[in-house]
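In what follows, a structure is listed as structure tokens, so that the remarks can point back to it.
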Amino acid sequence: MGWSTLTVLLLSSLSALPTVVKAQSENASPPKITDPAGYVNPFIGTINVGHVFPGATLPHGMIKAGMDTDSPGNHAGYDGDPKYNVTGFSQLHDSGTGGSIPLSNFKLFAYASCSSFEKCPSSIANRKLLRKTLADGSPDDAASPGYFSTNLTNGIRVELTATRRTALHRYTFPAGTKQPRILVDVTNDGQRSSTKPLVTIDSLEGKGTGRITGGAEFAASFGPGRYQAFVCATFKGEGYELGKPTEHGIWLNNYPTTGTTSSAQVYMGFQPELGGIFTFKPNPTSEITSILARVGVSFISSAQACNNAEEEIPDYDFGKVHKEARESWNELLGRVQVDPTGVEEETVELFYSSLYRTHIAPADYTGENPNWESREPYYDSLYCNWDTYRTLYPLMSLHDPVRFAAIVRGMIDIQKHEGWLPECRGATVQHYMQGGSNADPILGEFFVKYSKQARALGVSPEDLYTALLADAEKQPPNWNLQGRQVDVWKSLGYIAQDMFSPGGANSKWVSRTLEHAFNDFSIAQVSKLLGTKADAAK
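Taking mature numbering (1 follows the signal peptide of the UniProt record, and there is no 0), I'd label the letters of the sequence shown as residues -23 to -1, 1 to 515.
Written as structure tokens, this is what we have:
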């Protein structure tokens, strides 16, 4: 590949504020790229343990609807190697992470040819199957911002799109399918870690097309905590009246039981696989049947998951949801315009694909924080500040400062309620630390660049500084999860190898010393801007 120079025009999103930053070439502006999403290749980084998520999501969306596979490198669910089987299509993922597999909650799976309801293979080991492949041996998958599709070897085509807290699936069955069925898996997350599962099937009377609600408790990917998540799935025929299910039931491990409506009706035993299956009537006016599944998710309750779905996708309009998702991405990506004159298209593709991936996480979980009520934004999937303060946030400060401000507000709100700024966080719980309290340079980055606009962006300078001082001055009981080992740091000016203190592992002495120093440097820059000279000199 030959590298060429891209001329870049950056349009800030701070149009409502006094200062707008533009980086512009001296030449006349090139024709505007109106569909930068068309240059994005979501599959870059999805093989060889790349852990990249290629599914359907909005910019910083909570919902990340995508394929799950049985690959050992399926941290984002997907693997681009077609030798791996598909286990379902779940609603929550992260992208680019280490640790254990995060999320991958609430998989859906479809059947075209079970010999009977009870014979449908429901457990992951028994239901999984391969994708179709193209002539070149690659999987028959397609993706673009806000959309994902695949064709399975059972003849079913699967398409996914998303709003912030709700996924919309479209399952198109082979011609002549007599009993299209859809499974909902409540328990199998990426780590197979669920406990305390609950499943209920209802909305079976009148014009109800069947609804399944449920939830469970799951393990964090990079820490000792556990979190609860909840699901609400409903169905609609595309182009025909679906009617109520002709069959329904709870499945346990590899045994569906027709007519059951609650997990209380089956004996679960130890660590079960659990969910529900529905059989629907086919489209009576067409050989082809397409069924839509609307899947709301919440970290609060199954009732809120249902509310999220009804609020965000009231009409099950797949084309509309997909169009609006792509428009969201085009607005964001289109803030950066490039002049592709004389540049290989692959270079433009790499540019926009990389820019796209900087807006997969953190994820906007606003309204989905189970730990406290707040009017402030709440962002999660902070994987992890020790990496992103050096890379993601300096770019975001230029490309999307309004979003950056919302994330900063969310971090400050976490500090108000938990005592310290978050360092690494996923699925609403703290994860392990590595070096320092690296939300400090993130807040410092924001304030150094936007101190004059902070209040207009909703950020209180006083609250921001209070949050920074909490990291710098107060040692938490468990500095493996938040804050720093500041008592030793303040007394010696470095982290000593031979000094043990409760609350964390005595390790990484040199790297933690370096991180602590940069954390304090960042706080000092804020101190100077606020005129607190004594703090700046510490």
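In this text, a Cβ means the ideal position worked out from N, Cα and C, and glycines have one as well.
Item: Length at least 4, wholly inside the segment 247 to 298: the alpha helix (DSSP H) runs in chain order; Value: 279 to 289
Item: Supposed close pair VAL29, TYR333 - CB separation, criterion 8 Å; Value: Rounded, the Cβ-Cβ distance is 11 Å, inconsistent with contact.
Item: Own chain partners of LEU181 with C-beta closer than 8 Å, once the 5 adjacent residues on each side are dropped; Value: GLY187, LYS221, PRO222, HIS225, THR238
Item: Cβ distance (whole Å) where TYR124 is taken to contact ALA87 below 8 Å; Value: Contact flag wrong, Cβ pair sits at about 18 Å.
Item: Straight-line Cα distance separating ILE500 from THR509; Value: 11 Å
Item: Whole runs of the alpha helix (DSSP H) within the segment 85 to 169, excluding any shorter than 4 residues; Value: 101 to 104
Item: THR266 to GLU326 span [Cα, whole Å]; Value: 36 Å
Item: Within 8 Å, strictly: CB atoms of ARG380 and SER414; Value: no
Item: SER67 in three-state terms, based on DSSP; Value: strand
Item: 8 Å Cβ cutoff met for ALA139 and ILE40; Value: yes
Item: Neighbour-count burial assignment, ASP56, 16 or more Cβ in a 10 Å radius; Value: buried
Item: CA nearest to the CA of GLN68, picked from ALA270, SER240, SER93, SER121; Value: ALA270
Item: Three-state secondary structure (DSSP) of SER2; Value: Low confidence applies here, because SER2 scores a pLDDT of 44, under 50, leaving its location unreliable and the question unanswered by this model.
Item: 8 Å contact criterion, which VAL208 and SER279 should meet: CB distance rounded; Value: 7 Å
Item: Host alpha helix (DSSP H) of PRO378 (start-end); Value: 378 to 395
Item: Reduced DSSP category for PRO371 - H, G, I as helix; E, B as strand; rest coil; Value: helix
Item: For HIS225, the residue or residues it bridges with in DSSP; Value: PHE255
Item: Per-residue burial, PHE212 [other beta carbons within 10 Å of its own, 16 or more giving buried]; Value: buried
Item: Sequence-distant residues of the same chain with beta carbon closer than 6 Å to ARG489, five excluded per side; Value: GLY412, ILE472
Item: Option in GLN392, PRO378, GLU289, LEU445 with minimal Cα separation from PHE423; Value: PRO378
Item: Rounded straight-line distance, which links the Cα of TYR366 to that of PHE495; Value: 11 Å
Item: Cβ-Cβ separation, GLY311 to THR79 (assumed contact under 8 Å), whole Å; Value: The question names Thr, yet the displayed sequence has Pro at residue 79. So it is not a contact: roughly 30 Å between Cβ atoms.
Item: Buried or exposed by the 16-neighbour rule on C-beta atoms within 10 Å, applied to SER374; Value: buried
Item: Of the residues ASN62, GLU264, LYS297, ALA241, the one placed nearest LEU145, counting alpha carbons only; Value: LYS297
Item: Local Cβ density within 10 Å of ARG141, reported as buried at 16 or more and exposed below that; Value: buried
Item: SER77 versus LYS9 - alpha carbon distance; Value: 42 Å
Item: Neighbourhood of SER330 by C-beta distance below 6 Å, restricted to the same chain and skipping five residues each side; Value: VAL17, ASN18, ILE21
Item: Buried versus exposed call for SER93 [16 or more other C-beta atoms within 10 Å across all chains shown]; Value: exposed
Item: Beta-carbon proximity of LEU137 to GLY43, cut-off 8 Å; Value: yes
Item: Reference HIS121; option with closest CA among PRO31, GLU287, GLU215, ASN362; Value: It is Ser, not His, that sits at residue 121 in the sequence shown. Ranking the options by Cα distance to SER121, first place goes to PRO31.
Item: Every unbroken beta strand (DSSP E) within the segment 305 to 363, with a cutoff of 3 residues, ordered by chain; Value: 313 to 316
Item: Where LYS515 falls: helix, strand or coil (DSSP); Value: coil
Item: Rounded C-alpha distance that separates SER504 from ALA513; Value: 5 Å
Item: Chain-order list of residues whose beta-carbon lies under 7 Å from that of GLY214 (same chain, five-residue window excluded); Value: ASN260, ILE268
Item: Alpha-carbon to alpha-carbon, LEU(-14) and VAL(-3); Value: Note that VAL(-3) scores 37 on pLDDT, short of 50, meaning its location in the model is unreliable; the coordinates nonetheless yield the value given after this. Cα-Cα distance, rounded: 8 Å.
Item: Boundaries of the alpha helix (DSSP H) in which residue 524 is found, first to last residue; Value: No statement about residue 524 is possible, as the shown extent of the chain runs from -23 to 515 and does not include it.
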